[in-house]
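**Student:** The structure follows.
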Amino acid sequence: MTAVTEMTSMPSAPATRRTPKATFDVVFRNASFLAALLVLVLLAGIMLSMVIGGWPAFREFGLGFVTSSVWDTQNDQYGAWPAIVGTISTALIALVIGVPLSLGIAVYLTQLAPPWFKRPVSTAIELLAAVPSIIYGMWGLFVFVPLFAAYVQIPLSNVVEGMPIVGTVLYSRSPSGLGIFTAGIILAFMIIPFIASITRDMLEQIPSVLRESAYGIGATTWEVVRHVLVPQAGVSIIGAIMLGLGRALGETMAVTFVVGNANRLSASILDPGSTIASRIANEFNEAMGLQLNALIALGCILFFVTFVVLVIARLLVSRVKRY
Amino acid sequence: MTMTSATPGSSMPKSLPHAEWGRVRSGRRTADRAMKVIATGFTFLAIFVLFWILGMLIVKGLGGLSLATFTQVTPGPGTEGGGLANAIVGSIVLTFLGILIATPIGVLAGTWLAEYGRKSPLANLIRFINDILLSAPSILIGLFVYVILVEPFRGYSGWAGGVALGIIAIPVIVRTTEDMLNLVPGPLREAGAALGAPPSVVITSVTWRAAKAGMVTGILLALARIAGETAPLIFTALNNNFWFSPTLVGGVSNLPVTIYQFASAPYENWQQLAWAGSLVITMSILLLSIIARRIVRGSK
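Order-wise, the sequence lines are chains A and B. All residue numbers for the first sequence refer to the working numbering, where the first residue is 25 and numbers rise by one. All residue numbers for the second sequence refer to the working numbering, where the first residue is 60 and numbers rise by one.
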């Protein structure tokens with residue numbers, strides 16, 4: 025609106041009428057078009073650089089690069105399997121913990137919070153997203169990990185030791201607190217703000233007539249959420265979850281701090297492991313030759329996995345509103 | 060009119076404690092209560108974690124913070140004392156380099172989407188790809204810049220770091236610019252065009268002006284986003300313990316990578332500095348985000 029007032033006050037200034045230059049118009053239009061095209065070029069460039077950079081490793085090991093569990097820098101043998109499993113399992117643990125929390129927060133913000141309390145709570149949740157990933161790593165490593173080892177991991181290991189299945193999945197050989205599960209917990213808190221704030225916006229967009237009519241026939245708040253709101257926002261909530269998954273898959277610093285960076289694959293989710301991103305962050309600066317190609321090839325796998333996840337997420341979310 | 064003037068709550072008898080429930084089955088009542096308690100509990104858990112992290116930073120970081128933190132350079136292995144001056148300045152340089160690269164590109168691209176491309180298939184594609192870049196893992200952007208700028212020039216540089224941060228910032232700026240331009244009412248553009256102004260003049264002196272606050276917010280948000288990025292800098296600007304060269308060639312010290320390297324180092328002064336650095340960086344970023352939020356609220 026400021027523009028309007030400024031334009032009406034123009035005549036009082038000395039009339040210096042500029043004839044608009046046609047060249048500026050063309051230049052501006054083309055410059056902005058090129059800038060927009062650059063977005064496409066960037067994505068294509070990232071994809072190409074990953075494929076080309078990782079090509080020597082793919083050529084050397086073929087499909088074995090994905091399925092092999094060996095990561096031997098001495099003999100130049102590289103396999104991505106432990107890192108792939110680590111990436112997927114940390115991300116899934118993050119979803120299992122983070123999704124219920126996020127949905128609970130979204131429901132609280134839209135249905136339960138007193139009006140004056142909504143804004144500070146929303147801001148606090150969104151600030152969780154602003155905290156740099158490395159700070160989550162510090163918090164995880166120096167505050168959360170010791171507590172987790174002492175109060176969860178060691179007691180749990182004592183209880184499940186020797187039990188079938190549970191004794192393998194939940195038993196930790198070195199109860200240091202570091203591991204796949206710890207990384208999943210930290211990741212859960214990192215993806216909460218994204219899932220929660222999108223879900224909140226989705227729930228807010230649902231016409232209140234729907235809610236009111238459900239209340240009108242005697243539904244409780246829980247029933248309104250379960251039978252009216254969730255089905256209405258269902259697809260976009262799944263989109264929001266996929267968006268969180270995309271974040272969790274590629275998160276680097278926080279995971280590198282707490283995942284334990286073990287190269288072997290363990291049957292227990294409480295044991296140290298590594299993810300694609302953590303391995304790249306750990307080894308990249310010392311890597312040479314084929315190891316460097318293998319790390320970029322890992323990045324290539326990460327790129328295609330997150331790309332597919334994000335495409336699905338965007339398609340689902342965009343049905344309602346752009347995010 | 061007289062019937063609607065009564066508020067719904069006032070018709071309920073206040074004396075009965077469970078009047079609102081009527082004859083609701085106890086199972087439904089319990090489910091409802093449980094959901095309310097769980098949702099509230101989850102929300103407070105998330106807020107608790109935020110304050111736990113902030114509390115940790117203040118407790119551990121404030122002790123390491125002194126004047127020397129801002130005046131001395133990062134210490135080498137086994138050296139006493141030291142500060143973070145070079146890392147802080149390096150971070151500021153890299154972040155602003157990133158914003159300097161990203162702002163013109165992001166603003167122009169967002170402008171094209173909102174003003175020229177609009178609903179065309181190409182614009183929709185660019186919008187979609189931009190949204191994907193927005194949440195692409197930053198480590199991949201670091202690798203990309205490594206491949207195109209570090210490997211060919213045989214060395215880490217601040218320029219590569221700035222470009223990496225810029226690439227992370229571009230989608231944020233594109234997105235907010237387009238959103239903000241879309242909020243500008245069409246008649247404003249038509250009024251400009253009616254005065255005989257070509258599209259470029261209408262955009263630069265009418266639309267941009269009307270959307271200025273929102274666009275600045277987008278740039279601030281991008282600034283907050285890239286200021287704490289660590290992963291892409293490991294492969295591009297790296298780090299060092301000295302004042303970096305003004306040409307930005309070679310490793311440029313920066314706060315996030317310094318924190319990463321110092322946090323789990325065996326030297327006590329390094330750990331102290333890592334905590335002090337964490338406090339500085341987090342508080343700056345949270346402050347930036349809050350300021351950006353204020354501007355958005357003010358412009359509405």
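Positions of the beta carbon are idealized from the N, C-alpha and C atoms, including for glycine.
I need the straight-line Cα distance from Leu234 (chain A) to Val252 (chain A), nearest angstrom please.
**Tutor:** Near 7 Å, if we compare the C-alpha coordinates of Val252 (chain A) and Leu234 (chain A).
**Student:** Please confirm if the stretch 267–281 of chain A is in contact with the stretch 323–334 of chain A, defined as three or more CB-CB distances below 8 Å between the two stretches.
**Tutor:** Contact holds: three or more Cβ-Cβ distances are below 8 Å.
**Student:** Among B:Ala127, B:Ile185, B:Gln330, B:Leu347, which one has its Cα closest to the Cα of Phe57 (chain A)?
**Tutor:** That would be B:Ile185, whose Cα lies nearest to the Cα of Phe57 (chain A).
**Student:** Would you mind telling me which residues of chain B sit closer than 8 Å to Leu64 (chain A), beta carbon to beta carbon, in chain order?
**Tutor:** The answer, in chain order, is Leu184, Ile185, Ile188.
**Student:** Is it the case that the stretch 132–141 of chain A contacts the stretch 95–107 of chain B, given that we only count it when at least three CB pairs across the two stretches are under 8 Å?
**Tutor:** Yes, the stretch 95–107 of chain B touches the stretch 132–141 of chain A.
**Student:** Which term fits Met187 (chain A), buried or exposed, when burial requires 16 or more other beta carbons within 10 angstroms of its beta carbon?
**Tutor:** It is exposed - the Cβ of Met187 (chain A) has fewer than 16 other Cβ atoms within 10 Å.
**Student:** So, is the C-beta of Gly287 (chain B) closer than 7 Å to a C-beta in chain A?
**Tutor:** Yes, Gly287 (chain B) lies at the interface with chain A (some Cβ there is under 7 Å from its Cβ).
**Student:** Between Ser221 (chain A) and the rest of its own chain, which residues show a CB-CB distance below 7 Å, the 5 nearest in sequence each way excluded?
**Tutor:** Counting only Cβ-Cβ distances below 7 Å, and skipping sequence neighbours, we find Ile149, Glu150.
**Student:** Please confirm if the stretch 284–294 of chain B is in contact with the stretch 220–240 of chain B, defined as three or more CB-CB distances below 8 Å between the two stretches.
**Tutor:** Enough Cβ pairs lie closer than 8 Å, so yes.
**Student:** Please decide whether Val206 (chain B) counts as near chain A, where near means a Cβ-Cβ distance under 7 Å.
**Tutor:** True, the Cβ-Cβ gap to chain A drops below 7 Å.
**Student:** Have a look at the DSSP bridge pairing and note the partners of Tyr102 (chain A).
**Tutor:** Answer by DSSP bridge pairing, in chain order: A:Trp95.
**Student:** Name the one or two DSSP bridge partners that Gly297 (chain A) has.
**Tutor:** Answer is A:Gly284, bridged to Gly297 (chain A).
**Student:** Using a Cβ cut-off of 8 Å, pull out every chain B residue sitting near Thr276 (chain A), in sequence order please.
**Tutor:** Pro196, Ser197, Ile198, Thr289, Ala290, listed in chain order.
**Student:** Is it buried or exposed, Ser33 (chain A), if we count other Cβ atoms within 10 angstroms and call 16 or more buried?
**Tutor:** Bear in mind that a pLDDT of 47 at Ser33 (chain A), under 50, signals an unreliable position, so the number given afterwards is only what the model happens to contain. Exposed.
**Student:** Excluding sequence positions up to five away, which residues of its chain have a Cβ less than 7 Å from the Cβ of Ala144 (chain B)?
**Tutor:** Counting only Cβ-Cβ distances below 7 Å, and skipping sequence neighbours, we find Phe129, Thr130, Gln131, Val132.
**Student:** Cα separation between Ile336 (chain A) and Ile191 (chain B)?
**Tutor:** Roughly 10 Å separates the two Cα atoms.
**Student:** Under 7 Å between the Cβ atoms of Val199 (chain B) and Ile320 (chain A)?
**Tutor:** Residue 199 (chain B) is actually Leu in this sequence, not Val. Taking 7 Å as the Cβ cut-off, Leu199 (chain B) and Ile320 (chain A) do not qualify as a contacting pair.
**Student:** Which whole-angstrom value is the C-beta distance of Val282 (chain A) and Val169 (chain A), which I expect to be below 8 Å?
**Tutor:** Contact holds; Cβ gap of about 6 Å.
**Student:** I need the DSSP call for Ser216 (chain B), collapsed to helix, strand or coil.
**Tutor:** Ser216 (chain B): strand per DSSP, three-state reduction.
**Student:** Which whole-angstrom value is the C-beta distance of Ile354 (chain B) and Ala272 (chain B), which I expect to be below 8 Å?
**Tutor:** With a Cβ gap of about 6 Å, Ile354 (chain B) and Ala272 (chain B) count as contacting.
**Student:** Please name the residue, chosen from B:Leu314, B:Tyr215, B:Ser337, B:Arg356, that lies closest to Phe166 (chain A) on a Cα-to-Cα basis.
**Tutor:** The shortest Cα separation from Phe166 (chain A) among B:Leu314, B:Tyr215, B:Ser337, B:Arg356 belongs to B:Ser337.
**Student:** Measuring CB to CB, does Gly277 (chain B) end up less than 7 Å from Thr236 (chain B)?
**Tutor:** Yes. Within cutoff.
**Student:** Can you list, in chain order, the residues of its chain whose CB lies under 6 Å from that of Asn189 (chain B), leaving out five sequence neighbours each side?
**Tutor:** Excluding sequence neighbours, Asn189 (chain B) sits near Pro230, Val233.
**Student:** Is it true that the CB of Phe101 (chain B) sits closer than 7 Å to the CB of Leu125 (chain A)?
**Tutor:** Their beta carbons are under 7 Å apart, which means Leu125 (chain A) touches Phe101 (chain B) by this criterion.
**Student:** Classify Asn317 (chain A) as buried or exposed, calling it buried when 16 or more other Cβ atoms lie within 10 Å of its own Cβ.
**Tutor:** Under this definition Asn317 (chain A) is a buried residue.
**Student:** Between the beta-carbon of Thr114 (chain A) and the beta-carbon of Thr299 (chain A), is there less than 7 Å?
**Tutor:** Contact flag set, yes.
**Student:** For Leu113 (chain B), which residues in the same chain have their Cβ closer than 7 Å to its Cβ, ignoring the five residues on either side in sequence?
**Tutor:** Contacts found: none.
**Student:** With a cut-off of 8 Å, do at least 3 Cβ pairs link the stretch 97–111 of chain A to the stretch 293–313 of chain A?
**Tutor:** Flag = yes, the stretch 97–111 of chain A and the stretch 293–313 of chain A touch.
**Student:** Express the C-alpha separation of Leu326 (chain A) and Glu275 (chain A) in angstroms, rounding to a whole number.
**Tutor:** Their backbone Cα atoms lie some 11 Å apart in a straight line.
**Student:** Excluding the 5 residues flanking Ile350 (chain B) on each side, which residues of the same chain have their C-beta closer than 8 Å to its C-beta?
**Tutor:** Within the same chain, Ile350 (chain B) has close Cβ partners Leu279.
**Student:** Are there 16 or more other CB atoms within 10 angstroms of the CB of Trp218 (chain B), so buried, or fewer, so exposed?
**Tutor:** Buried, since its Cβ has 16 or more Cβ neighbours within 10 Å.
**Student:** Interface residues of chain A around Ser348 (chain B) at Cβ under 7 Å?
**Tutor:** Chain A residues near Ser348 (chain B): Leu151, Ala154.
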